[in-house]
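Worksheet: one structure, shown below.
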Amino acid sequence: MKIRRTLATVTVAALATLSAACGGTGSSGSGDGTTLTVYSADGLAGWYEPTFKKFTEETGVNVNLVEAGSGEVVSRVEKEQSNPQADLLVTLPPFIQKADQLKLLQPSGADTSGIAADQVGPDGNYMPIVDNTLSFIVNPGANPPPATWDDLLKPEFKGKLQYSTPGQAGDGTAVLVLLQHLLGKPAALDYLKALQANNVGPSSSTGKLQPKVSNGE
Numbered sequence: 008m009k010i011r012r013t014l015a016t017v018t019v020a021a022l023a024t025l026s027a028a029c030g031g032t033g034s035s036g037s038g039d040g041t042t043l044t045v046y047s048a049d050g051l052a053g054w055y056e057p058t059f060k061k062f063t064e065e066t067g068v069n070v071n072l073v074e075a076g077s078g079e080v081v082s083r084v085e086k087e088q089s090n091p092q093a094d095l096l097v098t099l100p101p102f103i104q105k106a107d108q109l110k111l112l113q114p115s116g117a118d119t120s121g122i123a124a125d126q127v128g129p130d131g132n133y134m135p136i137v138d139n140t141l142s143f144i145v146n147p148g149a150n151p152p153p154a155t156w157d158d159l160l161k162p163e164f165k166g167k168l169q170y171s172t173p174g175q176a177g178d179g180t181a182v183l184v185l186l187q188h189l190l191g192k193p194a195a196l197d198y199l200k201a202l203q204a205n206n207v208g209p210s211s212s213t214g215k216l217q218p219k220v221s222n223g224e
């Protein structure tokens with residue numbers, strides 16, 4: 008899969024100075040050389056807006072942003088291998104590594120000398136562009152509000168919490184990784200199994216939960 012190398016190089020160079028990771032997909036994208044198509048894990052639109060605006064002003068290249076869950080954007084790139092649509096893929100670990108293992112990425116040619124070597128993928132296929140902090144949002148009306156991991160397992164929170172699904176969404180996977188560090192792998196899985204009893208339902212992306220918070224659900 009071959010990418011429009013000029014576009015990929017200038018874009019990654021512009022973004023890398025700013026830990027979601029990005030990689031060139033080897034796409035033909037729009038094919039007209041004036042639009043760069045970015046497939047991205049959702050939740051970064053607020054950061055993208057000024058970044059892409061500046062990029063367009065400096066290069067004359069417009070950006071077409073397509074957002075979905077962290078795992079979903081990788082699956083989409085994989086399905087489109089015979090007719091690639093994306094020029095740049097932005098997602099969270101471990102999904103960017105999966106994309107690389109599936110040979111969906113190729114070197115961008117961007118200068119990565121200012122980035123720690125252990126954060127850059129093999130052959131420079133991907134690199135970090137922004138730190139992504141795990142956050143919990145609590146209803147201020149909760150009485151008492153949950154203060155610990157164990158509190159989230161209490162029966163009074165049944166049907167009153169929701170999180171993006173580990174293995175499908177980057178933030179949900181980040182929760183799993185964090186719990187593995189805190190509790191160990193077996194205990195982390197046991198905890199998530201218990202937590203599932205209070206979960207409203209699965210969500211393939213954290214971005215789908217944001218409107219619920221805004222609406223006070």
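Heads up: the sequence shown begins at 8 in the working numbering, then just goes up one per residue. Just so it is clear, CB atoms sit at the ideal spot from N, CA and C, and this is done for glycine as well.
- Cβ-Cβ distances below 6 angstroms link residue 74 to 47 and 49 in the same chain, with the five nearest sequence neighbours on each side left out; the list follows chain order.
- Distance from the CA atom of residue 138 to the CA atom of residue 118, rounded to whole angstroms, is 19 angstroms.
- Counting the other Cβ atoms within 10 Å of the Cβ of residue 97 gives 16 or more, which makes it buried.
- Residue 168 is bridged by DSSP to 206.
- In the same chain as residue 145, and ignoring 5 residues on each side of it, the C-beta atoms closer than 6 angstroms to its own belong to 152, in chain order.
- In chain order, 186 and 187 place their CB closer than 6 angstroms to the CB of residue 195, counting only its own chain and leaving out the 5 sequence neighbours on each side.
- When the alpha-carbon of residue 70 is set against those of 90, 42 and 180, the nearest one is in 42.
- A distance below 7 angstroms separates the beta carbons of residue 94 and residue 44.
- Under the three-state reduction of DSSP, residue 93 is assigned to coil, being neither helix nor strand.
- For residue 74, the enclosing beta strand (DSSP E) has its first and last residue at 69-75.
- In the DSSP assignment, residue 45 forms a beta bridge with 72 and 95.
- Ranked by how close their Cα comes to the Cα of residue 106, the residues 116, 120, 88 and 123 have 88 in first place.
- Under the DSSP definition of a beta bridge, residue 176 partners with 173.
- Residue 135 counts as buried, since no fewer than 16 other beta carbons sit within 10 angstroms of its beta carbon.
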